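Undergrad: Provided herewith is a single structure, encoded as structure tokens, for subsequent inquiry.
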Amino acid sequence: MNPLLELSDVGIEFPTPKGPFCALQNVNLKIKKGEFISLIGHSGCGKSTVLNIVAGLYQATQGGVVLSGKEVNEPGPERAVVFQNHSLLPWLTAYQNVELAVKRVFKGQKSKAEMREWIEHNLELVHMSHAMHKRPDEISGGMKQRVGIARALSMEPQVLLMDEPFGALDALTRAHLQDSLMDIQKDLNNTVIMITHDVDEAVLLSDRIVMMTNGPAATIGEIMDVELERPRNRIQLADDPQYNRYRQQVLSFLYEKQRKPDTDAPAKKAADSDDSNADKVDKKTGEVA
Amino acid sequence: MTTALSNIAWISPFVSIAKGEDVSGNIQTIIKTIGLPLAGLLVFLMIWQAAASNINTSLGQFPGPGDVVTQTKGLLTEHFTEREKADAFYERQEKRNAARVKQDPTYVPKIRDYTGKPTYIDQIGTSLVTVLSGFILASLIAIPFGIVIGLSANLYSAFNPVIQIFKPVSPLAWLPIVTMVVSALYVSDDPMVPKSFVTSMITVMLCCLWPTVINTAVGVASIPKDLVNVSQVLRLSYMEHVRKIVLPSSIPMVFTGLRLSLGIAWMVLIAAEMLAQNPGLGKFVWDEFQNGSSDSLGRIMVAVITIGLIGFLLDRVMLMIQRKVSWDKSAATR
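Chains as they are written, first to last, in the working numbering: chain A, 669 to 957; chain B, 4 to 337.
In structure tokens form, the structure reads like this:
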């Protein structure tokens with residue numbers, strides 16, 4: 669079966685005053701339809717850069733990305749992004765935020781009533797029906813992220829890209845949203861690429877975990893298949909030897925094989941400037957994995 | 004009604020006292036919100052009075068607060084008598100016209116305008132119309148221009164020197180040039196508005212353009228990257244991007260610019276009117292100065308206070324509009 673999304677030999681260089689800085693190289697990845705992929709790695713390793721290249725927000729300087737047989741070279745709604753900081757328009761209500769996307773994507777395809785129904789359906793999916801006429805500053809961080817997910821889902825993307833979607837949330841809210849996401853995933857079976865710092869999150873949600881090496885010139889270190897049966901339950905899994913082996917494997921990759929020596933601090937700085945989103949969360953929560 | 008009243012900051016403590024809530028606390032709030040400003044004003048009036056009685060000019064003693072009150076009353080009376088005269092003038096005309104039409108049904112009655120001199124209130128009106136015309140004209144140019152240069156870092160770098168050079172130019176420097184250009188280009192036998200009005204308006208526009216341009220451009224340039232990404236993922240067109248993302252996002256900064264611009268517009272206007280002889284407050288001050296009667300200084304002081312009050316009110320009105328229009332209520336508190 670042909671992969672839905674194919675990254676072949678993707679690399680990117682950013683121009684700096686000291687010459688080009690190679691943030692990423694030789695990234696090869698094939699993703700099947702309906703697969704849930706997590707990208708994990710230390711901050712500054714270029715995870716967000718990979719996602720931004722797939723989204724079309726960055727242009728790869730080497731290789732390329734092919735989605736359903738077409739090369740990706742600009743952003744588009746078929747690759748909807750859930751941003752880390754929700755990115756809702758603060759002057760619009762939850763409903764209007766989703767509406768903006770729906771109107772743009774389904775212009776001429778859905779009638780007014782159908783659009784309305786579709787918007788409400790997507791807000792229902794993320795359990796936001798009760799607050800759909802509230803503005804972002806009137807709802808909590810977790811609710812904002814829910815609306816962000818509803819907005820991305822409403823575009824009916826071929827690939828859903830999630831850039832540390834739960835990174836800025838507290839642990840309990842995060843667990844809630846992970847469960848919601850698994851529920852939604854069960855019904856919709858979307859193809860998802862998610863960036864995360866959180867080993868538990870990666871193992872719990874993914875079909876495959878892609879582990880990235882440290883930058884500069886970061887690339888894919890290991891790929892691990894997660895063959896836990898769905899539906900997955902976080903409480904039962906906590907005791908599951910298989911689950912813990914997966915966790916252990918990711919942890920050992922991050923802390924033994926890719927342990928960051930303190931000496932490469934300058935290199936880290938350069939990489940961070942290209943990956944500032946990921947870095948922000950790190951400083952706030954003091955969390956690496 | 005009570006809820007509407009209690010929304011106004013200095014009324015709310017009275018409302019809650021009337022309801023019998025927390026009397027001593029509310030009295031403290033009243034002292035703070037009304038008592039202190041009142042005390043400040045009182046001290047100022049005392050200093051003014053003391054200083055005024057020690058300054059003797061060739062036009063008599065410097066006017067104190069009392070003289071200003073007298074002159075204000077005088078100016079108002081003048082206004083009302085002038086209005087009565089005007090009314091009487093039109094009434095006489097109508098009667099005469101009616102009589103003529105009766106005699107000769109083919110006669111088409113003509114109404115001649117009253118040609119009395121403009122009163123103080125008329126002059127305030129002229130000033131307001133002039134300043135608002137100049138300000139609106141400036142906004143219509145400055146906001147779109149600010150958006151365009153804010154969206155492109157290259158255009159911004161290109162225009163920034165021009166903006167920075169013209170921003171500090173005084174209206175007094177512009178005025179002679181504007182006067183000459185208006186005289187050359189605005190030629191008509193039956194002008195819709197007087198030349199002095201056009202000159203003042205354009206001078207106001209030239210001077211108050213810049214804060215709106217700069218603030219709009221900065222507001223547009225500092226739209227969060229995330230929101231720009233959203234726009235890109237949705238593939239919004241340039242115009243949609245401006246309408247749906249850029250404009251709402253930069254509204255708070257645009258209003259900051261507009262409020263600064265309106266403040267400058269009002270200051271510039273007085274100078275422009277003095278020199279262009281546009282029949283507004285500026286001309287009033289100039290004429291009183293040239294007139295040099297014993298009332299003149301008092302009348303000029305009335306104008307000074309009027310100018311201050313109107314400037315303050317204009318800013319409040321802009322603030323009210325900002326609160327109505329902007330989604331970011333926190334930006335509109337001062």
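Every residue gets a Cβ at the ideal spot worked out from N, C-alpha and C, and that includes glycine.
Values in this document were obtained by computation on a predicted structure and should not be read as measured data.
When the cut-off is 7 Å and only beta carbons count, does B:W330 lie next to chain A?
TA: Answer yes: the Cβ-Cβ gap between B:W330 and chain A drops below 7 Å somewhere.
Undergrad: Between the Cα of A:V766 and the Cα atoms of A:D866, A:A748 and A:G776, which residue gives the shortest distance?
TA: Closest option to A:V766, Cα to Cα, is A:A748.
Undergrad: Could one say the Cβ of A:L673 lies closer than 7 Å to chain B's Cβ atoms, at least one of them?
TA: No, A:L673 lies away from the interface with chain B (no Cβ there is under 7 Å from its Cβ).
Undergrad: Between which two residues does the beta strand (DSSP E) carrying A:E674 extend?
TA: That run of the beta strand (DSSP E) goes L673 to T684.
Undergrad: Comparing C-alpha positions only, which one of A:H844, A:G687, A:Q926 and A:E832 sits nearest to A:G810?
TA: The candidate whose alpha carbon is nearest that of A:G810 is A:H844.
Undergrad: Does B:F83 pass the burial test, meaning 16 or more other C-beta atoms within 10 Å, or should it be called exposed?
TA: Exposed, because fewer than 16 other Cβ atoms sit within 10 Å of the Cβ of B:F83.
Undergrad: What are the partner residues of A:A886, as DSSP defines its beta bridges?
TA: Note: A:A886 sits in a beta bridge opposite A:L692.
Undergrad: Roughly how many angstroms lie between the CA atoms of B:V185 and B:K198, to the nearest whole one?
TA: B:V185 and B:K198: Cα-Cα distance of roughly 7 Å.
Undergrad: Between which two residues does the alpha helix (DSSP H) harbouring A:R842 extend?
TA: A839 to L856 is the extent of the alpha helix (DSSP H) around A:R842.
Undergrad: Output, in chain order, the set of chain A residues within a Cβ distance shorter than 8 Å of B:K327.
TA: Residues of chain A passing the Cβ test: none, with the nearest at roughly 13 Å.
Undergrad: Decide if B:L39 is buried, meaning its Cβ has at least 16 other Cβ atoms within 10 Å, or exposed.
TA: Exposed, since its Cβ has fewer than 16 Cβ neighbours within 10 Å.
Undergrad: What in chain B is Cβ-close to A:L768, meaning under 8 Å?
TA: Within 8 Å Cβ-Cβ: L237 and K247.
Undergrad: Residues of chain B with a CB under 8 Å from the CB of A:G744: which are they?
TA: Ordered by position in chain B, the residues that pass the 8 Å Cβ test against A:G744 are V236 and R238.
Undergrad: Beta-carbon of A:R772 versus every beta-carbon of chain B: anything under 7 Å?
TA: Chain B contact via Cβ: present.
Undergrad: Which residue or residues does DSSP assign as beta-bridge partners of A:F704?
TA: A:V860.
Undergrad: Nearest to A:R876 by alpha carbon, out of A:V867, A:D677 and A:G883?
TA: The residue with the shortest Cα to Cα distance from A:R876 is A:V867.
Undergrad: Among the residues of its own chain, which have a CB less than 8 Å from the CB of A:Y726, if the five just before and after it don't count?
TA: Only I680, T717 and N720 meet the Cβ criterion.
Undergrad: What residues in the stretch 247-271 of chain B have a beta carbon less than 9 Å from any beta carbon of chain A?
TA: Cβ contacts with chain A come from K247, I248, P251, S252 and I254.
Undergrad: Just how far apart, CA to CA, sit A:P683 and A:F689?
TA: Cα-Cα distance, rounded: 6 Å.
Undergrad: Starting from the beta carbon of B:S233, find every residue of chain A whose beta carbon is closer than 7 Å, and list them in chain order.
TA: Correcting the residue identity first, residue 233 of chain B is Val in this sequence and not Ser. Neighbours of B:V233 on chain A, chain order: S755.
Undergrad: So for A:D805, helix, strand or coil by DSSP?
TA: Looking at A:D805 - three-state DSSP - the assignment turns out to be helix.
Undergrad: With a threshold of 6 Å on Cβ separation, who are the neighbours of A:Q693 within its own chain once the five nearest residues in sequence on each side are excluded?
TA: Cβ within range, chain order: G679, A885 and T887.
Undergrad: Mind checking who B:D331 pairs with in its DSSP beta bridge?
TA: Answer by DSSP bridge pairing: none, since B:D331 is not bridged.
Undergrad: For the alpha helix (DSSP H) containing B:I124, list its first residue and its last residue.
TA: Taken as a continuous stretch (DSSP letters only), the alpha helix (DSSP H) holding B:I124 covers Y123 to L154.
Undergrad: Considering Cα atoms alone, identify which of A:N790, A:S848 and A:P825 is closest to A:F834.
TA: Of A:N790, A:S848 and A:P825, the residue nearest in Cα terms is A:S848.
Undergrad: Indicate whether at least one CB of chain B lies closer than 7 Å to the CB of A:K751.
TA: The question names Lys, but residue 751 of chain A in the sequence shown is Phe. Yes, its Cβ sits closer than 7 Å to a Cβ of chain B.
Undergrad: Between B:F315 and B:C211, which are expected to be in contact by the criterion C-beta below 8 Å, what is the C-beta distance as a whole number of angstroms?
TA: That pair is no contact at about 17 Å.
Undergrad: Between the Cα of A:L821 and the Cα atoms of A:S779, A:H710, A:S808 and A:V770, which residue gives the shortest distance?
TA: That would be A:V770, whose Cα lies nearest to the Cα of A:L821.
Undergrad: So, does the CB of B:D116 fall closer than 7 Å to a CB anywhere in chain A?
TA: Not closer than 7 Å to any Cβ of chain A, the Cβ of B:D116 fails to qualify, so no.
Undergrad: Taking only beta-carbon positions, decide if A:W786 is within less than 7 Å of chain B.
TA: No, A:W786 lies away from the interface with chain B (no Cβ there is under 7 Å from its Cβ).
Undergrad: Kindly indicate if chain B contains any beta-carbon less than 7 Å away from that of A:L719.
TA: It does not; no Cβ of chain B falls within 7 Å.
Undergrad: Select from B:I150, B:K286, B:I30 and B:K88 the residue whose C-alpha is nearest the C-alpha of B:H244.
TA: Cα-wise, what sits closest to B:H244 is B:I150.
Undergrad: Check whether the stretch 294-310 of chain B and the stretch 219-227 of chain B are in contact - that is, three or more C-beta pairs closer than 8 Å.
TA: Contact fails: fewer than three Cβ-Cβ distances are below 8 Å.
Undergrad: Buried or exposed for A:E869, please, with buried defined as at least 16 other CB atoms from any protein chain shown within 10 angstroms of its CB.
TA: Buried.
Undergrad: What residue does the beta strand (DSSP E) around A:L725 start on, and which one ends it?
TA: Looking at the DSSP string, A:L725 is not in any beta strand (DSSP E), and its letter there is neither H nor E.
Undergrad: From the beta carbon of A:L828, is the nearest beta carbon of chain B less than 7 Å away?
TA: Not one chain B Cβ lies under 7 Å of A:L828.
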